[in-house]
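Accompanying notes for the structure given below.
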Amino acid sequence: MKLENLKNKIVLVKGDITEYPADVIVNAANSSLMGGSGVDGAIHRKGGKEILEDCMKIRSSQGKCNVGEAVITRAGNMPFKNVIHTVGPVWQLGKNKEKKLFAEKLLKKAYISSLELAEKNKLKIISFPNISTGIYRFPKELAAKIAINAVIEYFEKSDFIEKVNFICFEDENFEIYQNILNEKGIM
Ligand code: ADP
1 MKLENLKNKI
11 VLVKGDITEY
21 PADVIVNAAN
31 SSLMGGSGVD
41 GAIHRKGGKE
51 ILEDCMKIRS
61 SQGKCNVGEA
71 VITRAGNMPF
81 KNVIHTVGPV
91 WQLGKNKEKK
101 LFAEKLLKKA
111 YISSLELAEK
121 NKLKIISFPN
131 ISTGIYRFPK
141 ELAAKIAINA
151 VIEYFEKSDF
161 IEKVNFICFE
171 DENFEIYQNI
181 LNEKGIM
């Protein structure tokens, strides 16, 4: 597929993921699914108790959500059909190369699992935050490359999803995404 053809399918937005229209938004959750800070806190605050109720049901039926996997709930008070909760990896400090490569694989998996779960649920417009780049301290540039490449890889296999919105809350992430998408000819 020509990357240029993705211009209409990949959208870069600066802002709050709970405020931008989509069929489904992705939450950068933690394995407990019980809510947290950052984007997780914002989504639970805006969505209200339905989201936590659904997360608790998932906890009692399947247990925790492993890193790289994704689960789906209702969106509560937000104007989306659903919320997909995925768990990104915590970045490994220190020099252990294998651990870093493993974290990179898991971050890619978090994006792919979310896209596949959206497709399974017939959700065509999906918004992603910059998973793992907050308190999980994944290097922002590397995380952005992984996120964009995972989405390109998905589009090479499937054209079910119509639009992927990358929602950057921080200027720094927005600029990083802008540069990478420009370099690839997608913007
Ligand atoms: P993680 O634990 O995966 O690092 P965080 O929520 O700490 O998750 O951060 C992930 C990214 O989400 C960060 O880039 C942070 O700036 C961003 N973020 C925080 N609040 C929002 C929001 N309301 N909408 C979109 N992105 C957000």
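Each residue of the sequence shown is one higher than the one before, counting from 1 in the numbering used here.
Beta carbons: idealized from backbone N, C-alpha and C, even for Gly.
Computed from a predicted structure; not experimentally measured.
- In the DSSP secondary-structure assignment, residue 163 is bridged to 125.
- Straight across, the Cα-Cα distance linking residue 174 with residue 50 is about 31 Å.
- Looking at the DSSP output, residue 14 sits in a beta bridge with 168.
- The Cβ atoms of residue 74 and residue 33 lie no closer than 9 Å to each other.
- Residue environment for residue 16: exposed (fewer than 16 other C-beta atoms within 10 angstroms of its C-beta).
- DSSP places residue 39 in the helix class (H, G or I) of the three-state scheme.
- Following the DSSP letters along the chain, one finds residue 149 inside the alpha helix (DSSP H) bounded by residues 140-157.
- Around the C-beta of residue 181, 16 or more other C-beta atoms lie within 10 Å, and the residue is accordingly described as buried.
- In this structure, the alpha-carbon of residue 167 lies about 30 Å from that of residue 96.
- At least one heavy atom of the ligand ADP lies less than 8 Å from the C-beta of residue 169.
- Contact between residue 107 and residue 132 holds: their C-beta atoms lie close to 6 Å from each other, under 8 Å.
- For secondary structure counted as the alpha helix (DSSP H) over 4 or more consecutive residues, the region 49-73 holds these complete runs in sequence order: 49-62.
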